[in-house]
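So the sequence shown is numbered by the numbering used here: it starts at 273 and just counts up by one. Glycine included, each C-beta is placed from N, C-alpha and C at the ideal position. Let me begin by presenting the structure, written as structure tokens, before commenting on it.
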Amino acid sequence: MSLQILAVDDSRTIRDMLNLTLNQAGFNTQLADDGVHGIEVLDAMSPPPDVIITDINMPRMDGFGFIEAVRKIEKYRTIPILVLTTESAAELKQRARDAGATGWIVKPFEPKKLIRALHMVTG
């Protein structure tokens, strides 16, 4: 069974790279270009995603706001959320954890490490 992934990032290049990497690994991928769009895509997904990947720095709704919004919706509360960002500061990682993030990957990402992380958080 292939995993359903929602990837939220305002960079078209990163979305394209994620789409390619995840599709090559056999995952089904839905893409969104910011947190607001991410919530819309999430609500339209059936079944819901097995994992969500989100950037932090995005227009309209940033990654922290997106994570908090997802965690407020009961049926999405247990979905693992991986943050994929250029940021690496400890206080930002803590803020993401406090918001409900499961893990943190720094860009640029290595496809093998990303796939390994996705398998780890989905058991």
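Beta-carbon proximity check, residue i vs residue j, cutoff 9 Å
i, j, result
"T326", "A279", "yes"
"L401", "L290", "Outside the shown range of the chain (273 to 395) lies residue 401, about which nothing can therefore be said."
"Q276", "Q302", "yes"
"A316", "I339", "no"
"R332", "H309", "yes"
"G298", "S283", "no"
"K384", "I377", "no"
Buried or exposed by the 16-neighbour rule on C-beta atoms within 10 Å, applied to residue i
i, result
"I306", "Here residue 306 turns out to be Asp, not Ile, going by the sequence shown. By the neighbour-count rule (16 or more Cβ atoms within 10 Å), D306 is buried."
"V323", "buried"
"I328", "buried"
"D288", "exposed"
"I286", "buried"
"L294", "buried"
"M392", "exposed"
Q.
Suppose only complete runs of 4+ residues qualify. What are the alpha helix (DSSP H) ranges in the stretch 280-324, listed by chain order?
A. 284-296, 307-316
Q) Taking one C-beta from the stretch 372-382 and one from the stretch 343-354 each time, how about it: are there three or more such pairs within less than 8 Å? A) yes
Q: At 3 residues or longer, and completely inside the stretch 337-395: list those beta strand (DSSP E) runs for me, N to C.
A: 353-357, 375-378
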